[in-house]
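Numbering (our numbering), first residue to last: 22 to 421.
Notes to accompany the following structure.
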Amino acid sequence: YAIRDNRLRATLSILGIAIGISAVMAVGTISKSGHYLIFNELGTFGLKSIWIFRANDEKDPNRSVRKGTGIEAADLDAFRSGCCPALSRLSPLVNPFATRLLVRAGNRFSNAKVTGVGIEYAAINNDNLTAGRNFKLEDISRHRFVALIGPTVAEDLFGGLFDPIGKEIRIDEKKYTVTGLLERKSRDFLASIGSSGGQDANNRILLPYTTFQQQLGNKDIQVIQGEAIDLEHADAAVAQIIKVLAHQHNGRYSYKSDTMAQYIATSNRILQGVSLIGIVAASISLLVGGMGIMNIISTSVLERTREIGLRKALGARKRHILFQFLMESVIISTIGGILGLIVGAIASFTLAWFTGFPLTPSWHMVMIALVVSVAVGLMSGFYPARRAAQLRPVIALRYE
Numbered sequence: 022y023a024i025r026d027n028r029l030r031a032t033l034s035i036l037g038i039a040i041g042i043s044a045v046m047a048v049g050t051i052s053k054s055g056h057y058l059i060f061n062e063l064g065t066f067g068l069k070s071i072w073i074f075r076a077n078d079e080k081d082p083n084r085s086v087r088k089g090t091g092i093e094a095a096d097l098d099a100f101r102s103g104c105c106p107a108l109s110r111l112s113p114l115v116n117p118f119a120t121r122l123l124v125r126a127g128n129r130f131s132n133a134k135v136t137g138v139g140i141e142y143a144a145i146n147n148d149n150l151t152a153g154r155n156f157k158l159e160d161i162s163r164h165r166f167v168a169l170i171g172p173t174v175a176e177d178l179f180g181g182l183f184d185p186i187g188k189e190i191r192i193d194e195k196k197y198t199v200t201g202l203l204e205r206k207s208r209d210f211l212a213s214i215g216s217s218g219g220q221d222a223n224n225r226i227l228l229p230y231t232t233f234q235q236q237l238g239n240k241d242i243q244v245i246q247g248e249a250i251d252l253e254h255a256d257a258a259v260a261q262i263i264k265v266l267a268h269q270h271n272g273r274y275s276y277k278s279d280t281m282a283q284y285i286a287t288s289n290r291i292l293q294g295v296s297l298i299g300i301v302a303a304s305i306s307l308l309v310g311g312m313g314i315m316n317i318i319s320t321s322v323l324e325r326t327r328e329i330g331l332r333k334a335l336g337a338r339k340r341h342i343l344f345q346f347l348m349e350s351v352i353i354s355t356i357g358g359i360l361g362l363i364v365g366a367i368a369s370f371t372l373a374w375f376t377g378f379p380l381t382p383s384w385h386m387v388m389i390a391l392v393v394s395v396a397v398g399l400m401s402g403f404y405p406a407r408r409a410a411q412l413r414p415v416i417a418l419r420y421e
């Protein structure tokens with residue numbers, strides 16, 4: 022009856038709780054979906070990947086700079102001699118001096134990025150094949166002219182109508198036989214925020230690095246990509262590789278590194294920041310809703326003081342009065358919580374439909390939101406309910 026008699030105030034309090042619970046749900050949904058999107062796409066680079074390359078940051082234009090990349094084929098044997106316990110795999114990366122090479126098959130052309138790699142490159146980068154085979158050790162040691170191509174390359178060169186396995190492509194007039202078709206990868210979300218590394222994962226050609234070195238006419242390796250044994254050992258793996266390179270080249274070069282662990286840490290900070298903002302917004306809304314509930318229950322206690330005195334005179338105990346008003350408070354907050362969940366779910370599914378992102382609320386977050394709404398009701402209603410329970414029957418009956 023008290024809620025019905027104070028419909029306007031109850032409705033406003035319910036809306037305050039509903040907005041707060043919707044915000045809580047939105048925070049959980051965005052955090053979960055953002056985590057899924059970012060880490061699913063970061064996984065296309067290999068979550069435990071590290072990259073080491075020469076540092077060319079000499080600022081003095083008059084100082085001569087030593088030639089070379091600071092990484093040679095002979096260094097690879099040193100890495101495999103047990104020098105680097107924090108490293109599980111590695112692959113050299115050979116890039117051409119030109120930005121793009123002329124890639125064609127018949128009268129069709131592609132602007133694919135061409136990279137020379139080792140046999141462990143696919144495992145490091147989580148590259149799977151939809152057809153054909155990966156590189157073998159013999160492809161590397163015998164400088165075979167074989168290639169793995171991405172799905173975009175296959176569409177550009179072969180129209181996507183034919184199986185490209187066994188077909189020939191030309192890279193600057195050198196003939197290569199396609200032995201594998203790379204599985205399509207999605208980096209759309211990272212590309213939308215400018216963090217895809219500037220490379221289309223589906224528009225690339227991988228060659229045995231020894232063959233590519235032979236075509237380019239040098240033994241240079243631009244980058245060493247490795248895989249740490251776990252994320253916590255990424256920095257240790259970098260330090261161990263740089264130590265070997267410094268020893269191999271007598272300290273003539275300095276090196277830089279990137280690790281996927283750094284990108285993961287940055288992503289986590291961004292997600293935590295988004296969550297914090299959402300939690301603050303939800304807390305303000307819940308505070309407003311909680312104050313509204315406290316106001317309703319306090320007013321209800323004042324309006325029903327004589328009723329409380331009468332009930333106590335007839336034998337009602339403190340816990341009965343306390344329970345009565347707490348239940349009213351919890352009912353208001355629970356109604357607001359359920360309404361907030363409905364609004365949050367509709368908003369999530371609507372955004373998912375428009376954006377294509379997996380913004381699906383989890384049952385875990387639904388349960389948390391319901392628990393929060395009940396807790397707000399209990400905390401907001403406790404003080405006025407306790408005050409009602411402590412009223413003395415004689416004073417309550419005489420209240421006007």
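Heads up, the beta-carbon is just placed ideally off N, CA and C, and yes, glycines get one too.
None of these values were measured; they are calculated from a predicted model.
Phe156 carries a coil assignment under DSSP once its states are collapsed to helix, strand and coil. Leaving aside the five residues that flank Leu307 on each side, the residues in its chain whose CB is nearer than 6 Å to its CB run, in chain order, Gly41, Val397. With respect to the C-alpha of Trp72, the residue from Lys88, Glu159, Ile245 having the closest C-alpha is Ile245. The three-state secondary structure of Asp98, taken from DSSP, is helix. Cβ atoms of Ser288 and Leu68 stay farther apart than 8 Å, at about 11 Å. Considering only Arg191, Glu176, Met281, Ser394, the residue with the shortest C-alpha distance to Asn224 is Glu176. In the structure shown, the three-state DSSP call for Tyr284 is helix. When only Cα atoms are considered, Arg110 and Lys157 end up about 15 Å apart. Inter-segment contact for the region 184-199 and the region 138-155 is present: three or more beta-carbon pairs are separated by less than 8 Å. By DSSP's assignment, Phe130 forms a beta bridge with Arg125. If you draw a straight line from the Cα of Leu228 to the Cα of Ala282, it comes to about 27 Å. The three-state secondary structure of Thr136, taken from DSSP, is strand.
Spatial neighbours of Val124 in its own chain (CB-CB distance under 6 Å, excluding positions within 5 residues in sequence) are listed in chain order as Ser131, Ala133, Ile192. Within the model, the alpha-carbon separation for Glu328 versus Leu360 is close to 31 Å. Taken through DSSP and simplified to helix, strand or coil, Arg340 comes out as helix.
Straight through space, the alpha carbons of Phe66 and Lys53 are spaced by roughly 21 Å. In its chain, beyond the 5 residues on either side, Gly201, Leu202, Leu203, Glu204 have a beta carbon closer than 7 Å to the beta carbon of Leu150. In this structure the region 86-97 does not touch the region 162-170; the number of beta carbon pairs closer than 8 Å is below three. The three-state secondary structure of Ile73, taken from DSSP, is strand.
Segment contact: the region 29-38 against the region 236-243, fewer than three CB-CB distances shorter than 8 Å; contact not assigned. Boundaries of the beta strand (DSSP E) around Arg110: 108-114. Boundaries of the alpha helix (DSSP H) around Leu36: 28-63.
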